[in-house]
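*Asks:* Per UniProt numbering, the very first residue in the sequence shown carries number 1; after that it's consecutive.
Where is the CB? At the ideal position from N, CA and C, for every residue including glycine.
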Amino acid sequence: MRSYHDIPPFFAPTNKLPDDPFGIHMIVETPRGTRHKFALNEELGIIEFSRTLPAGMTWPCDFGFIPQTKAGDGDPIDVALLIEEGTFSGCLVQARLVGMIGFIKNDEENNRLLAVPVTKRGAGSRWTEVRDLGDLSTRTIREIEAFLSQYNEFEGAKIELTGLKNRDAALEAVKTAVEAWKKEQA
Numbered sequence: 001m002r003s004y005h006d007i008p009p010f011f012a013p014t015n016k017l018p019d020d021p022f023g024i025h026m027i028v029e030t031p032r033g034t035r036h037k038f039a040l041n042e043e044l045g046i047i048e049f050s051r052t053l054p055a056g057m058t059w060p061c062d063f064g065f066i067p068q069t070k071a072g073d074g075d076p077i078d079v080a081l082l083i084e085e086g087t088f089s090g091c092l093v094q095a096r097l098v099g100m101i102g103f104i105k106n107d108e109e110n111n112r113l114l115a116v117p118v119t120k121r122g123a124g125s126r127w128t129e130v131r132d133l134g135d136l137s138t139r140t141i142r143e144i145e146a147f148l149s150q151y152n153e154f155e156g157a158k159i160e161l162t163g164l165k166n167r168d169a170a171l172e173a174v175k176t177a178v179e180a181w182k183k184e185q186a
């Protein structure tokens with residue numbers, strides 16, 4: 001069985017997937033619509049159950065990570081995938097970065113990348129034309145920010161939203177996290 005660390009962080013164009021400089025591979029940990037939180041157990045190389053959200057709360061989008069990355073908190077870099085229906089834990093998704101929510105948790109930078117699924121050529125979804133934050137509704141972004149705030153406050157974390165950043169900033173964050181991962185592997 002291959003490890004999640006064997007999956008490259010960026011996807012290459014194929015006859016089915018278009019060339020996209022903001023194209024990433026994402027592994028889903030927690031699918032949209034569930035009350036459960038799942039997380040990668042790096043030692044075992046498997047996604048495991050972590051906890052259950054309070055009654056009335058569900059994940060507003062798929063949450064996961066980009067393989068071969070290490071963010072400032074020591075974990076793979078986090079991604080929120082805007083998608084119509086939740087996928088499943090462990091699902092590999094080709095996605096396009098569209099921006100980032102600046103986020104500090106317990107005095108540590110812990111940004112959330114925002115991405116949309118990339119579909120095969122000719123197939124479409126409501127996210128097909130989304131390229132940058134300006135293509136998203138204010139409501140969509142506010143819902144994700146509200147969820148992140150409520151979820152982390154419930155967990156007892158001290159949080160601060162520091163603003164939205166465009167897809168170029170998101171891509172730079174991924175590149176920095178890839179370099180940090182490579183340095184750790186050397």
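1. Which residues bound the beta strand (DSSP E) around residue 197?
2. Are Phe-65 and Ser-50 touching if we call contact CB-CB under 8 Å?
3. Taking contact to mean 3 or more Cβ pairs, one atom from each stretch, closer than 8 Å, check whether the region 80-99 and the region 126-140 are in contact.
4. Which of the three DSSP states is assigned to Met-1 in this structure?
5. Express the C-alpha separation of Lys-70 and Ala-170 in angstroms, rounding to a whole number.
6. Use the C-beta contact count for Glu-29: other C-beta atoms within 10 angstroms, 16 or more gives buried, fewer gives exposed.
7. In whole angstroms, give me the CA-to-CA distance for Pro-54 and Asp-73.
8. In terms of alpha-carbon separation, which member of Pro-60, Leu-44, Lys-105 lies closest to Thr-34?
9. Alpha carbon to alpha carbon, how far is Gly-90 from Ile-27?
10. Looking at Gly-102: is its Cβ nearer than 8 Å to the Cβ of Lys-183?
11. According to DSSP, is Asp-168 helix, strand or coil?
12. Would you call residue 206 buried or exposed, if buried means 16 or more other Cβ atoms sit within 10 Å of its Cβ?
13. What does the alpha-carbon distance come out to for the pair Met-1 and Lys-120?
14. Nearest by alpha-carbon distance to Glu-160: which of Gly-45, Asp-107, Ile-47, His-25 is it?
15. Alpha carbons only, please: which of Lys-105, His-5, Ala-80 is nearest the one belonging to Ile-141?
16. Quick test of your reading: Gln-68 and Phe-11, contact by CB under 8 Å. State the CB separation rounded to the nearest angstrom.
17. Distance check for Lys-105 and Ser-149, CA to CA, integer angstroms please.
18. When burial is assigned at 16 or more other CB atoms within 10 Å of the CB, is Ala-146 buried or exposed?
19. Bridge partners for Pro-117 per DSSP, in chain order?
*Replies:* Here's the rundown:
1. With the chain covering 1 to 186 only, the question about residue 197 has no answer from this structure.
2. no
3. yes
4. Reliability fails at Met-1, whose pLDDT of 47 lies under 50, so the model's placement of it is uncertain and the value that follows must be treated cautiously. Coil, per DSSP.
5. 14 Å
6. buried
7. 25 Å
8. Pro-60
9. 6 Å
10. no
11. helix
12. Here the chain comprises residues numbered 1 to 186, so residue 206 is not present and cannot be evaluated.
13. Because the pLDDT at Met-1 is just 47, under 50, the model does not fix this residue reliably, and the value given afterwards should be weighed accordingly. Each residue's Cα considered, the two are about 26 Å apart.
14. Asp-107
15. Ala-80
16. About 12 Å separates the two Cβ atoms, so there is no contact after all.
17. 10 Å
18. exposed
19. Ala-95
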